[in-house]
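Chemist: If you use my numbering, the sequence shown corresponds to residues 3 to 304, in order.
I have a structure I would like to understand better, so I am pasting it below and will then ask my questions one at a time.
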Amino acid sequence: MKNSLRQKLPQKLATFATVALATAFSTISLGNQTSAATFEQKQVEQGKFIAVAQPFGANSHQLLIIEQKSNKRACWSESGTNPVIVDPLLLNFDFTGICGRSTDSNGYSMRMAGEDLGLDYILSIVERNGELLLVGKHRLDRKAPEVIIGRTGGISQGFMKIFLQPGWEFAKRMFNGKELGHVYLATNTPLGNTGSTDPSKLPPLPPRETSKFRDIANDVYGSEIEKAVAMGFIAGFQDNTFRPQGFLTREQLVSMVIEGLGKLPGATITVPTQASGRPYRDVEAGRWSAAKIQWARDNNIV
C-alpha cells in the first residue's frame, strides 16, 4: 500500500502542477486582454457604499469597501464622531446577495477623469497628523506625489469610516455594457491636478448631520426615514425616538396607508379630524387613530 501511494504521489503532483500552470497562463492571458480593454464607470447611489479603515496587524489599516445591495438587513452601522466608528454588521450573518465586500485591488481601484489607474496606483491607508488618510501611491515611481482620496478625521480603535474628499465618489466598473463587481473611487479631476497633497492644508471635514430622532443617528436607513417623516408618510414618537426595530401595529399601518394615499398625484382624500363614534368596539372614539380607522373602514380598506 505504501509503494502504491509513493507511485501515485508524483502523478498527483504532476497533475496539480499542470493544472496550476494552465490556470496561471489563462489568467495572464485574460489579464492582458482586460488591461487592453476600455472600462467604463456607472454612477451609483453614494449612501449604499462606505469606505472603511480596517485594522490589521499591530498598528496598520487597510481599505475595506462595503456595499448595501438589498434592504433585507443592514450591512453596517455608524457611531461617534472624529472618527466615526463602523460596526461591520455583515460579518455576523450570511450576507450573500445582501452586502458586497471589496478588500483588495481585485475589488477596488482609483479612476481619474475617465482613466483607470489601478495598474499604476495602489490604494493605501497612512497615518498623518492625528488621522488616517486614504491615498493613491504610484507602484513604481516613489517620487510621484500621493493622491489624497479620503480621511477619517481622527484615530481610534476598530473600524473607522473614511470620508471621501470633495469631488471623489463611489462608482461601479462597466465592461461591454455590463456592470461588474469592481468598485471605483472616482473623480472627474485629472491626475496631476488634485491640488495640495499636504495633509495639514486639507479643509476640515463637514459637520455630521444630526437627526431629530436620537435612535436613528447611526441607522443605515436614517436618510430614508427622515425623508418619509418629512413627507408626512410616518411620524416618530413624543420622546424624540423613531424605534426603527419596533413592530407596526394595525392602527399605525392604517395611518401610513392613508398618509401615503394622500401623497399620490391628483388624489383628494379628506379624512375627518375626529371619529363620529367607535369605528370598532376596541377603538375608542377619542383615540388618535380612530378617525383614520373609521375612514378606512368606510372606504373598504379595512
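Just so you know, even glycine gets a beta-carbon here, dropped at the ideal spot from N, CA and C.
Fair warning: this is a prediction, and the values are worked out from it, not measured in the lab.
Using a Cβ-Cβ cutoff of less than 6 Å, which residues in the same chain neighbour V86 once the five nearest sequence positions on both sides are dropped?
Modeler: Counting from one through the sequence shown, the residue named residue 86 turns up at place 84. Correct list, in chain order: E80, K163.
Chemist: Kindly confirm or deny that the region 235-255 and the region 82-96 touch, where touching means at least three C-beta pairs closer than 8 Å.
Modeler: Output reads no: the region 82-96 does not touch the region 235-255.
Chemist: If we count the other Cβ atoms within 10 Å of its Cβ and call it buried at 16 or more, is Y110 buried or exposed?
Modeler: Within the sequence shown, residue 110 is the residue found at index 108, counting from 1. The residue in question, Y110, is buried, as its Cβ has 16 or more Cβ neighbours within 10 Å.
Chemist: Would P57 pass as an interface residue toward chain C - the criterion being a Cβ-Cβ separation below 8 Å?
Modeler: Considering every chain present, this structure includes no chain C. It has just one protein chain.
Chemist: Of the residues T98, N84, P57, which one's Cα is nearest the Cα of C77?
Modeler: Residue mapping note: residue 77 aligns to position 75 of the sequence shown, counting from 1. It is T98 whose Cα lies nearest to the Cα of C77.
Chemist: Helix, strand or coil: which one does DSSP assign to G152?
Modeler: Within the sequence shown, numbered from 1, the residue matching residue 152 stands at position 150. Strand.
Chemist: Report buried or exposed for I218, applying the criterion of at least 16 other Cβ atoms within 10 angstroms of its Cβ.
Modeler: As a first step, residue 218 is located in the sequence shown; it is residue number 216 there, counting from the start. So I218 counts as buried.
Chemist: Secondary structure at V128, three-state DSSP: helix, strand or coil?
Modeler: Taking the sequence shown and counting its residues from 1, one reaches residue 128 at position 126. Three-state DSSP puts V128 in a strand.
Chemist: Can you tell me whether Q247 is buried or exposed? The criterion is at least 16 other CB atoms within 10 Å of its CB, across all chains shown.
Modeler: By 1-based counting over the sequence shown, the position of residue 247 is 245. Exposed, because fewer than 16 other Cβ atoms sit within 10 Å of the Cβ of Q247.
Chemist: By alpha-carbon positions, which one of F215, E253, V259 ends up nearest to Q240?
Modeler: Numbered from its first residue, the sequence shown carries residue 240 at position 238. Minimum Cα distance to Q240 is reached at F215.
Chemist: Taking 8 Å as the cut-off, does the region 184-191 touch the region 107-124 (at least 3 CB pairs, one atom from each stretch)?
Modeler: Yes, since at least three Cβ pairs between the region 107-124 and the region 184-191 fall closer than 8 Å, the two stretches touch.
Chemist: Tell me whether K229 sits in a helix, a strand or coil according to DSSP, three-state version.
Modeler: Counted from its first residue, the sequence shown places residue 229 at position 227. Helix, per DSSP.
Chemist: Identify, in the order they occur along the chain, each residue of the same chain with its Cβ nearer than 6 Å to the Cβ of Q70, setting aside the five sequence neighbours on each side.
Modeler: Along the sequence shown, read from residue 1 onward, the residue named residue 70 stands at position 68. For Q70, where only same-chain residues beyond five positions count, the Cβ hits under 6 Å are K50, C77.
Chemist: For E181 and Q45, what's the separation of their Cα atoms in angstroms?
Modeler: Locating residue 181 in the sequence shown gives position 179, counting from the first residue. Locating residue 45 in the sequence shown gives position 43, counting from the first residue. If you take the alpha carbons of E181 and Q45, they lie about 11 Å apart.
Chemist: Should Q48 and E226 be called a contact, given that it needs their Cβ atoms to be closer than 8 Å?
Modeler: Here residue 48 refers to the residue found at position 46 when the sequence shown is read from its first residue. Here residue 226 refers to the residue found at position 224 when the sequence shown is read from its first residue. For Q48 and E226, no; Cβs fall outside 8 Å.
Chemist: Evaluate L255 with the Cβ neighbour count: other Cβ atoms within 10 Å of its Cβ, from every protein chain shown; 16 or more gives buried, anything less gives exposed.
Modeler: For the purposes of this step, residue 255 is taken as the residue at position 253 of the sequence shown. Exposed: under 16 other Cβ atoms inside 10 Å.
Chemist: Which ranges would you report for the alpha helix (DSSP H) in the region 215-289 if only whole runs of at least 4 residues count?
Modeler: Fully enclosed alpha helix (DSSP H) runs of 4 or longer: 224-232, 252-264.
Chemist: With distance defined between alpha-carbon atoms, name the residue in G179, G116, R153 nearest to N190.
Modeler: Along the sequence shown, read from residue 1 onward, the residue named residue 190 stands at position 188. Comparing Cα-Cα distances from N190 to each of G179, G116, R153, the minimum goes to G116.
Chemist: Per DSSP, P57 forms a beta bridge with which residues?
Modeler: Numbered from 1 along the sequence shown, position 55 holds the residue referred to as residue 57. In the DSSP output, where bridge partners are listed per residue, P57 has H63.
Chemist: Helix, strand or coil for A188, going by three-state DSSP, please let me know.
Modeler: In the sequence shown, residue 188 corresponds to position 186, counting from 1. Residue state, collapsed to three classes: strand.
Chemist: Cβ atoms of I260 and A298: under 8 Å apart, would you say?
Modeler: Residue numbering aside, residue 298 sits at position 296 when the sequence shown is read from its first letter. Residue numbering aside, residue 260 sits at position 258 when the sequence shown is read from its first letter. Against a cut-off of 8 Å, the Cβ pair of I260 and A298 comes out as a contact.
Chemist: Near A287, which residues of its chain fall below 6 Å by C-beta distance, leaving aside the five closest residues on each side in sequence?
Modeler: As a first step, residue 287 must be located in the sequence shown, where it is residue number 285. Only A277, G279, R280 meet the Cβ criterion.
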